[in-house]
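So the structure is just underneath, and the comments pick up after that.
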Amino acid sequence: MRFRQADWSEPLIFELSKEGRMGHMLPELEPEIEGEIPTEELVPESIYRTKDSGLPEVSEIQVLRHYMHLSQMNYGVNSGKIYPLGSCTMKYNPIINEIMAGHPKITGIHPLQTPESTQGVLKMLYNLKQYFLEVTGMHDATLQPSAGAAGEWTGMMTMRAYHKDNGELDKRTEVIIPDSAHGTNPASAVMA
Numbered sequence: 013m014r015f016r017q018a019d020w021s022e023p024l025i026f027e028l029s030k031e032g033r034m035g036h037m038l039p040e041l042e043p044e045i046e047g048e049i050p051t052e053e054l055v056p057e058s059i060y061r062t063k064d065s066g067l068p069e070v071s072e073i074q075v076l077r078h079y080m081h082l083s084q085m086n087y088g089v090n091s092g093k094i095y096p097l098g099s100c101t102m103k104y105n106p107i108i109n110e111i112m113a114g115h116p117k118i119t120g121i122h123p124l125q126t127p128e129s130t131q132g133v134l135k136m137l138y139n140l141k142q143y144f145l146e147v148t149g150m151h152d153a154t155l156q157p158s159a160g161a162a163g164e165w166t167g168m169m170t171m172r173a174y175h176k177d178n179g180e181l182d183k184r185t186e187v188i189i190p191d192s193a194h195g196t197n198p199a200s201a202v203m204a
């Protein structure tokens, strides 16, 4: 079966713009609330906008439909049979994983929460690290940063520190990167 890509004649979002059209209007503040919050002190005048933003004036549903059409013209894991690259952004993540990762008890955690209120997530992260150690046979690991160029950079700097500690930094000067590597791999290797 041959894959047929969607091909819409989708206008630019600026072409959908009509003066005065809004996606969402915030209600006016009630006077008793407005007087309680010193907005002038919280938001410095130096960052006030002095001219029109130039953003398109579109409704919320127009924005939704516009970007939905654009997404349908892209090839992705959910819209095609296979994706040949191992890109971190295109791998298949089972929907249940996305639901769990997006759960409010995960996404709603705040850095200033008490340790007592975050024990469940801390246990989950600790267990994940232990699984990685068991699978790889390594003595330690980190979960930060989580991925992408920052993860590559962390890996390269870890290798650099290892070779420095072993007195081999002047001998270990090259990193072999396959041409199918993530686009930031070569930059991470050069910078390390």
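Residue numbers (the numbering used here): 13 to 204. C-beta: ideal position from N, C-alpha, C; glycine also.
Inter-residue CB distance, residue i and residue j (contact presumed, cutoff 8 Å)
i: S200; j: M168; result: 5 Å
i: Q84; j: A173; result: Between A173 and Q84 the Cβ distance is about 46 Å, and since that is not below 8 Å, they are no contact.
i: L145; j: L155; result: That pair is no contact at about 11 Å.
i: I118; j: V133; result: 7 Å
i: E22; j: L82; result: 6 Å
Terminal residues of the alpha helix (DSSP H) in which residue i lies
i: R61; result: Run containing R61: none; DSSP gives neither H nor E here.
i: M37; result: That residue, M37, is in no alpha helix (DSSP H); it is neither H nor E in DSSP.
i: F144; result: Q131 to T148
i: Q74; result: E72 to Q84
i: A113; result: I107 to A113
i: L54; result: T51 to L54
i: E69; result: That residue, E69, is in no alpha helix (DSSP H); it is neither H nor E in DSSP.
i: K176; result: G160 to D177
i: T154; result: Careful: T154 lies outside any alpha helix (DSSP H) and carries neither H nor E.
i: I206; result: The requested residue 206 is not part of the displayed model; the chain covers only 13 to 204.
Cβ neighbours of residue i in the same chain (closer than 6 Å, five flanking residues each side left out)
i: L181; result: H175
i: M13; result: For M13, the pLDDT reaches just 46, beneath the cut-off of 50, and the residue's location in the model is therefore unreliable, leaving the point undetermined.
i: H222; result: Look at the range of the chain in this structure, 13 to 204, and you will see that residue 222 is not part of it.
Beta-carbon contacts of residue i that lie in its chain and below 8 Å, excluding the five residues immediately before and after
i: Y130; result: Before going on, a small fix: residue 130 reads as Thr here, not Tyr. Result list for T130: I121, in chain order.
i: G163; result: P157
i: D152; result: L145
Other residues of its chain near residue i: CB distance less than 7 Å, five sequence neighbours each side excluded
i: R184; result: H175
i: A161; result: T196 and S200
i: L137; result: L155
query = Does the stretch 63 to 81 touch the stretch 26 to 35, meaning 3 or more C-beta pairs lie closer than 8 Å?
reply = Touching, yes, given that three or more Cβ pairs across the two stretches are closer than 8 Å.
query = If we count Cβ pairs, one from each stretch, closer than 8 Å, do we get three or more for the stretch 34 to 49 versus the stretch 70 to 86?
reply = The stretch 34 to 49, when compared against the stretch 70 to 86, does touch it at the 8 Å Cβ threshold.
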